[in-house]
Amino acid sequence: MEETDMVDSSPGANRDHRIEQLTTAECWALLERTRMGRLALLDASGAPELFPVNYTSHEGFLYIRTANDSKLRHIRVNPGVAFEVDGNEDDIHWSVVVRGAAAQVTTDDEIRRSGVSQLTTASVTIKPFYIRLAPSVLTGRRFRERGVPGREEPTAPATGPVDRGAGVPRSTRPNPIPHLPPFEE
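This is the structure we're talking about:
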């Protein structure tokens with residue numbers, strides 16, 4: 001595993017943080033045990049779009065179940081996509097990014113073998129279509145969270161609630177993204 005210096009120019013930054021580059025095998029292990037990711041693609045105007053999706057992996061490909069929606073329309077015009085998953089274990093954060101070509105899966109044999117038809121989604125939308133992502137570039141990294149107890153890095157004592165928007169007028173702060181609680185069956 002390789003290590004590279006993490007560039008952090010913020011005041012008081014610990015210059016000894018390391019980002020560990022993951023091997024291809026480690027990336028696949030994380031992809032195979034994760035079930036939710038983000039599919040990035042370009043719309044007809046060339047603007048990026050990002051979709052949270054359930055997926056499965058099979059024989060070196062990623063498979064996504066979808067409706068007859070903009071994802072299918074966009075990959076027909078521009079099959080180049082990116083896909084990202086991330087997570088954390090204790091104080092270690094990781095992410096895997098896949099770049100490749102996406103295409104609609106149309107053969108019953110591939111749908112059956114991949115297991116993509118068995119994917120369940122949180123959405124109530126019927127999703128009878130399938131996308132295969134063929135990776136051409138696979139990268140991953142992991143790093144230790146800053147300020148974790150037991151680390152050498154000193155932490156400032158808490159003095160009360162932190163206003164992350166201090167000094168920024170409310171009218172210029174971004175609006176939070178609304179979200180729903182997790183889907184329960």
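With the first letter of the sequence shown counted as 1, position 149 gets the number 149 in the working numbering; the numbers rise by one all the way through.
For each residue, glycine too, the CB sits at the ideal point set by N, CA and C.
Quantities reported herein were computed from a predicted structural model and do not represent experimental measurements.
Assignment of LEU72 by DSSP, reduced to helix, strand and coil, places it in the helix class. Taking C-beta atoms as the reference points, VAL53 and ILE64 count as a pair closer than 7 angstroms.
From the listed residues GLY100, GLU49, VAL105, the smallest Cα separation to THR139 is found for GLY100.
VAL96 is a Cβ neighbour of CYS27, given a cutoff of 7 angstroms. Assigned with DSSP and collapsed to three states, THR66 falls in strand. For LEU42, the secondary structure class from DSSP, reduced to helix, strand or coil, is strand.
When only Cα atoms are considered, PRO79 and SER117 end up about 21 angstroms apart. Taken atom to atom, the span from the alpha-carbon of PHE129 to that of HIS58 is near 17 angstroms.
With distances taken between CA atoms, ILE126 lies nearest to ASN68 out of PHE143, PRO135, ASN68, ALA25.
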